[in-house]
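Engineer:
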Amino acid sequence: MQKIFALVDCNSFFCSCERLFRPDLAQRPVGVLSNNDGCFVSRTSELKKLGVPMGAPYFQVKDICRRHNVAVFSSNFSLYTNMSDRVMSTLSEFTPIMEVYSVDEAFLDLTGFQNLESYARQIKERVERNTGIPVSVGVAPTKTLAKIANHVAKKSQKSRGVVTLMDPHLQSLALERVEVEDIWGVGRANSQKLRQLGIKTAKDFRDYHNNRQIQKLMTKVGLQTKEELAGLPRFELNIVGVAKKEIISSRSFGQSIRDLSDLRQAVAQYASKACEKLRKQQSVCRGLDVYARTSPFANTPYYSALESAQLLSPTSDTRKVVRYALQSLESLYRAGYDYKKAGIRLHDISSRRESQMSLLEPADDLHSEALMKCMDQINQRDGAGTILVAACGVNSVKWQMNRNHHSPRYMTGWSDLRKVY
Amino acid sequence: MKRHSLFLYWIPPLVSLPPVRCGLFEISEDHIEKYQSLDARFIRNRSATFFFRAQGDSMEPLILENDILIVDRSITSFHKRIVILSHDGEMYCKRLLPSGEQVILHSLNPKYKDIVLRPQETPLDIFGVVIAIARDVL
Chain A
1 MQKIFALVDC
11 NSFFCSCERL
21 FRPDLAQRPV
31 GVLSNNDGCF
41 VSRTSELKKL
51 GVPMGAPYFQ
61 VKDICRRHNV
71 AVFSSNFSLY
81 TNMSDRVMST
91 LSEFTPIMEV
101 YSVDEAFLDL
111 TGFQNLESYA
121 RQIKERVERN
131 TGIPVSVGVA
141 PTKTLAKIAN
151 HVAKKSQKSR
161 GVVTLMDPHL
171 QSLALERVEV
181 EDIWGVGRAN
191 SQKLRQLGIK
201 TAKDFRDYHN
211 NRQIQKLMTK
221 VGLQTKEELA
231 GLPRFELNIV
241 GVAKKEIISS
251 RSFGQSIRDL
261 SDLRQAVAQY
271 ASKACEKLRK
281 QQSVCRGLDV
291 YARTSPFANT
301 PYYSALESAQ
311 LLSPTSDTRK
321 VVRYALQSLE
331 SLYRAGYDYK
341 KAGIRLHDIS
351 SRRESQMSLL
361 EPADDLHSEA
371 LMKCMDQINQ
381 RDGAGTILVA
391 ACGVNSVKWQ
401 MNRNHHSPRY
411 MTGWSDLRKV
421 Y
Chain B
422 MKRHSLFLYW
432 IPPLVSLPPV
442 RCGLFEISED
452 HIEKYQSLDA
462 RFIRNRSATF
472 FFRAQGDSME
482 PLILENDILI
492 VDRSITSFHK
502 RIVILSHDGE
512 MYCKRLLPSG
522 EQVILHSLNP
532 KYKDIVLRPQ
542 ETPLDIFGVV
552 IAIARDVL
């Protein structure tokens with residue numbers, strides 16, 4: 001039977017969440033900033049029209065924002081995850097098989113469904129009715145084509161947010177208008193290679209005669225993408241949560257840090273957070289990188305460094321990871337710089353059960369496992385950071401995130417409920 | 422009462438008899454049911470239910486200041502219902518009364534005048550229908 005996939009994607013998701021309880025923003029340009037109020041990560045169409053690109057550093061476009069009365073928000077993650085949950089659970093009413101691809105998009109398996117156009121519109125309308133978040137829906141025989149259908153649905157006024165690309169003729173028309181850079185899974189490097197072959201649009205790519213050359217340039221995944229554009233399903237829905245191969249925890253600081261002792265606290269906290277994620281997916285790690293850097297925008301001397309540590313036996317014990325992380329930090333630290341960001345990356349991750357023992361270093365024993373489990377339970381019950389290793393410090397205000405434009409916790413705090421008159 | 426004294430006679434000497442279970446009857450797991458849940462009672466569609474906080478006295482006597490309003494977005498018939506809606510950039514809680522081409526936003530408190538809207542000119546922006554009210558009385 002022919003496969004049918006729908007990609008449902010929320011329009012300017014973070015901004016739409018911010019608008020939900022603020023009808024006064026309906027016509028105003030809205031933008032949401034990344035952690036620490038750094039760059040724009042979500043923009044409404046009005047803000048895009050003002051020429052503010054994705055990822056634009058806020059301080060560079062502050063003037064434009066002031067002149068055009070842009071509503072600027074810090075990221076309100078509790079609001080976005082709550083709304084995401086509502087969108088996803090509404091979508092799950094429409095099909096038993098669904099892949100939550102990110103916080104604001106999901107693939108639905110609609111294989112066997114009839115009247116796709118009207119079903120897709122029903123999906124769109126129910127999500128918008130239930131949650132107030134506008135979405136676009138793209139329907140096609142492969143995931144890659146569904147992505148493109150969604151792209152067209154967002155761009156074209158006429159589609160009113162729904163595009164079905166089941167017909168090969170329609171597929172060709174749509175692919176003609178999509179640049180190679182905009183194909184799902186084709187990165188910037190690959191699209192440059194393709195352009196050298198004279199491939200400019202998604203249609204050029206699909207119709208390119210030499211499959212072997214594509215495989216050589218872009219590996220097997222590249223060829224699979226090409227076949228998906230021709231309507232042959234190569235990518236399945238990813239339903240079970242796959243354990244991550246690396247875990248990153250990093251942040252920019254609210255204000256820059258000079259002292260090693262402050263930096264140590266920050267790195268210890270990021271390491272703790274990463275270990276918590278590691279334990280949540282029942283994994284252990286054997287390697288870690290620590291890095292720190294100054295601001296590339298400030299007029300102060302630039303420094304950036306990364307230091308790795310290899311563990312002899314795999315672990316998920318916060319105390320051990322923090323110890324290694326701090327050693328790495330100390331060897332990369334140079335005094336006299338204004339550090340603006342630091343982070344940790346755990347890698348060499350394997351499942352707790354299949355991890356290999358080492359003779360040289362003891363593995364996590366039962367005491368360690370019990371202690372970590374207890375710590376996670378307390379932090380889950382009483383809030384993150386209730387219990388932490390002492391290296392994280394107790395008054396770490398200095399480097400906490402800047403969140404100067406944070407909206408109320410409309411849906412996660414009773415005192416922040418939206419008022420009505 | 423007679424029965425009561427009879428019961429007292431039944432208390433056995435502690436040492437000599439084999440242990441007997443006391444109590445009214447044995448509670449077996451078959452009889453355990455969940456506590457009543459206000460969520461289960463009031464929320465029909467979790468992903469479409471939102472809470473708001475009432476301000477002012479315009480909906481007295483039914484709704485008092487600081488009441489928590491439980492609002493269901495999935496309900497689409499608004500006729501004569503109390504709704505949350507946006508008007509001029511602000512959010513209101515009013516009873517919706519259609520009358521011909523117009524829509525009346527009615528405050529339950531007679532102190533407040535009705536607001537008359539023409540949806541043909543400015544489309545109604547209804548957030549959802551108020552399905553219940555929660556209030557602290559302590």
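Protein chains in written order, with this note's numbering: chain A, 1 to 421; chain B, 422 to 559.
Just so you know, even glycine gets a beta-carbon here, dropped at the ideal spot from N, CA and C.
#1: May I ask you to verify whether the stretch 22-33 of chain A touches the stretch 144-162 of chain A, counting CB pairs closer than 8 Å and requiring at least 3?
#2: Does DSSP put HIS508 of chain B in a helix, in a strand, or in coil?
#3: Spell out whether any CB of chain B is found under 7 Å from the CB atom of THR81 of chain A.
#4: Would you tell me roughly how many angstroms separate the C-alpha atoms of ALA268 of chain A and VAL103 of chain A, rounded to the nearest one?
#5: Start and end of the alpha helix (DSSP H) containing VAL267 of chain A?
#6: Name, going along the chain, the residues of the stretch 8-29 of chain A whose beta-carbon falls closer than 7 Å to a beta-carbon of chain B.
#7: So who's on the other strand from THR201 of chain A, going by DSSP bridges?
#8: Quick one: complete alpha helix (DSSP H) runs, 4+ long, within the stretch 66-153 of chain A?
#9: Does any C-beta atom of chain D lie closer than 7 Å to the C-beta of LYS419 of chain A?
#10: For LYS245 of chain A, which residues from the same chain have a beta carbon less than 6 Å from its beta carbon, with the 5 sequence-adjacent residues on both sides left out?
#11: On the CB-based measure, 16 or more other CB atoms within 10 Å of its CB, does MET1 of chain A come out buried or exposed?
#12: When the Cα atoms are used, what is the spatial distance from LEU483 of chain B to ASP546 of chain B?
#13: For THR386 of chain A and CYS374 of chain A, I'd like the C-alpha separation in whole angstroms.
#14: Is the Cβ of THR430 of chain A closer than 7 Å to any Cβ of chain B?
#15: Using only the alpha-carbon positions, how far apart do GLY521 of chain B and THR90 of chain A sit?
#16: Inspect the beta-carbon positions of PRO141 of chain A and GLY254 of chain A and report whether they are closer than 7 Å.
#17: Are any of the Cβ atoms in chain B nearer than 7 Å to that of THR90 of chain A?
#18: Relative to chain B, which residues along the stretch 120-139 of chain A have a C-beta separation below 7 Å, given in chain order?
#19: To be precise: take each residue of the stretch 493-504 of chain B, compare its Cβ to all Cβ atoms of chain A, and keep it if any distance is under 8 Å. Which residues remain?
#20: Helix, strand or coil for GLY343 of chain A, going by three-state DSSP, please let me know.
#21: Determine, for ARG86 of chain A, whether the minimum Cβ-Cβ distance to residues of chain B falls below 7 Å.
#22: Identify whether GLN476 of chain B lies in helix, strand or coil by the three-state DSSP scheme.
#23: Which residues in chain A have a C-beta closer than 8 Å to the C-beta of ASN466 of chain B? List them in chain order.
#24: Between the Cα of PHE21 of chain A and those of B:ILE496, B:ASN487, B:ARG467, B:TYR513, spot the shortest distance and give me the residue it belongs to.
#25: If you count every other CB in all the chains shown that lies within 10 Å of the CB of SER84 of chain A, and 16 or more means buried, which is it?
#26: For LEU388 of chain A, does the three-state DSSP call read helix, strand or coil?
#27: For the alpha helix (DSSP H) holding HIS367 of chain A, just list the boundary residues, first then last.
#28: How long is the line joining the alpha carbons of LEU229 of chain A and ASN211 of chain A, rounded to whole angstroms?
#29: Would you kindly work out how many angstroms separate the C-alpha atoms of HIS508 of chain B and ARG19 of chain A, rounded to a whole number?
#30: Which residues, in order along the stretch 452-486 of chain B, keep a beta-carbon less than 8 Å from a beta-carbon of chain A?
#31: Output the boundary residues of the beta strand (DSSP E) element that contains VAL32 of chain A.
#32: Going along the chain, which residues of its own chain have a beta-carbon closer than 8 Å to the beta-carbon of ARG188 of chain A, five neighbours each way excluded?
#33: Go ahead and pull the three-state DSSP assignment for TYR324 of chain A.
#34: Determine, using beta carbons only, whether LEU110 of chain A and ALA6 of chain A come nearer to each other than 7 Å.
#35: Contact defined as beta carbons within less than 8 Å: I believe SER316 of chain A pairs with LEU278 of chain A. What is the distance between those atoms, to the nearest angstrom?
#36: Between LEU217 of chain A and LEU194 of chain A, what straight-line distance do the alpha-carbon atoms span, to the nearest angstrom?
Structural biologist: Reading it off the structure:
#1: Flag = no, the stretch 22-33 of chain A and the stretch 144-162 of chain A do not touch.
#2: Taking the second sequence and counting its residues from 1, the one referred to as residue 508 of chain B is at position 87. If DSSP states are grouped into helix, strand and coil, HIS508 of chain B belongs with the strands.
#3: Residue 81 of chain A sits at position 81 when you count from the first residue of the first sequence. Not a single CB atom of chain B sits nearer than 7 Å to the CB of THR81 of chain A.
#4: Indexing the first sequence from 1 puts residue 268 of chain A at position 268. Indexing the first sequence from 1 puts residue 103 of chain A at position 103. For ALA268 of chain A and VAL103 of chain A, the distance between alpha carbons rounds to 27 Å.
#5: Position 267 of the first sequence, counted from the first residue, corresponds to residue 267 of chain A. Secondary structure note for VAL267 of chain A: its alpha helix (DSSP H) is the uninterrupted segment 260-280.
#6: Residues passing the 7 Å Cβ filter: PRO23, ASP24.
#7: Sequence index remark: in the first sequence, residue 201 of chain A carries index 201 (1-based). Answer is A:GLU179, bridged to THR201 of chain A.
#8: Those alpha helix (DSSP H) runs which fall completely within the stretch 66-153 of chain A and span 4+ residues are 77-91, 116-131.
#9: No chain D appears in this structure, whose protein chains are A and B.
#10: Looking up residue 245 of chain A in the first sequence gives position 245. Shown here for LYS245 of chain A: same chain residues with a beta carbon closer than 6 Å to its own, the five before and five after excluded, namely ILE349 in chain order.
#11: Counting from 1 along the first sequence, the entry for residue 1 of chain A is found at position 1. Per the 10 Å Cβ criterion, exposed.
#12: As a working note, residue 483 of chain B is residue 62 in the second sequence. As a working note, residue 546 of chain B is residue 125 in the second sequence. Distance between the alpha carbons of LEU483 of chain B and ASP546 of chain B is about 23 Å.
#13: Taking the first residue of the first sequence as position 1, residue 386 of chain A is located at position 386. Taking the first residue of the first sequence as position 1, residue 374 of chain A is located at position 374. Distance between the alpha carbons of THR386 of chain A and CYS374 of chain A: 12 Å.
#14: Here chain A has residues from 1 to 421 only, and residue 430 of chain A is not among them.
#15: As a first step, residue 521 of chain B must be located in the second sequence, where it is residue number 100. As a first step, residue 90 of chain A must be located in the first sequence, where it is residue number 90. GLY521 of chain B and THR90 of chain A have their C-alpha atoms spaced approximately 34 Å apart.
#16: On the first sequence, position 141 is the one that residue 141 of chain A refers to. On the first sequence, position 254 is the one that residue 254 of chain A refers to. Going by C-beta atoms, PRO141 of chain A is not nearer than 7 Å to GLY254 of chain A.
#17: Within the first sequence, numbered from 1, the residue matching residue 90 of chain A stands at position 90. Judged by the 7 Å Cβ criterion, THR90 of chain A is in contact with chain B.
#18: Answer in chain order: ARG129, ASN130, THR131, GLY132.
#19: For the stretch 493-504 of chain B, residues whose beta-carbon sits nearer than 8 Å to a beta-carbon of chain A comprise ARG494, SER495, THR497.
#20: In the first sequence, counting from the first residue as 1, residue 343 of chain A sits at position 343. Three-state DSSP puts GLY343 of chain A in a strand.
#21: Locating residue 86 of chain A in the first sequence gives position 86, counting from the first residue. It does; some Cβ of chain B falls within 7 Å.
#22: Position 55 of the second sequence, counted from the first residue, corresponds to residue 476 of chain B. Per DSSP, reduced to three states, the secondary structure at GLN476 of chain B is coil, with no helix or strand assignment.
#23: Counted from its first residue, the second sequence places residue 466 of chain B at position 45. The contacting residues are ASN130.
#24: Within the first sequence, the letter at position 21 stands for residue 21 of chain A. Among B:ILE496, B:ASN487, B:ARG467, B:TYR513, the Cα nearest to that of PHE21 of chain A is on B:TYR513.
#25: Taking the first sequence and counting its residues from 1, the one referred to as residue 84 of chain A is at position 84. Flag for SER84 of chain A reads buried.
#26: Position 388 of the first sequence, counting from 1, holds the residue named residue 388 of chain A. Coil.
#27: Walking along the first sequence from the start, residue 367 of chain A turns up at place 367. 366-382 is the span of the alpha helix (DSSP H), which, as asked, contains HIS367 of chain A.
#28: Residue mapping note: residue 229 of chain A aligns to position 229 of the first sequence, counting from 1. Residue mapping note: residue 211 of chain A aligns to position 211 of the first sequence, counting from 1. Distance between LEU229 of chain A and ASN211 of chain A, taken at the CA atoms: about 13 Å.
#29: Indexing the second sequence from 1 puts residue 508 of chain B at position 87. Indexing the first sequence from 1 puts residue 19 of chain A at position 19. Taking the straight line from one Cα to the other gives about 14 Å.
#30: Of all residues in the stretch 452-486 of chain B, ASN466, ARG467, SER468, ALA469, PHE471, PHE472, PHE473, ARG474, ALA475, GLN476, GLY477, SER479 have a Cβ within less than 8 Å of some Cβ in chain A.
#31: Locating residue 32 of chain A in the first sequence gives position 32, where the first residue counts as 1. Start and end: 30-33.
#32: By 1-based counting over the first sequence, the position of residue 188 of chain A is 188. Here the set comprises GLU181.
#33: As a working note, residue 324 of chain A is residue 324 in the first sequence. TYR324 of chain A falls in the helix class under three-state DSSP.
#34: Numbered from 1 along the first sequence, position 110 holds the residue referred to as residue 110 of chain A. Numbered from 1 along the first sequence, position 6 holds the residue referred to as residue 6 of chain A. Going by C-beta atoms, LEU110 of chain A is nearer than 7 Å to ALA6 of chain A.
#35: Position 316 of the first sequence, counting from 1, holds the residue named residue 316 of chain A. Position 278 of the first sequence, counting from 1, holds the residue named residue 278 of chain A. The pair is a contact, with the Cβ atoms about 5 Å apart (cut-off 8 Å).
#36: One-based indexing of the first sequence puts residue 217 of chain A at position 217. One-based indexing of the first sequence puts residue 194 of chain A at position 194. Rounded to whole angstroms, LEU217 of chain A and LEU194 of chain A show a C-alpha spacing of 9 Å.
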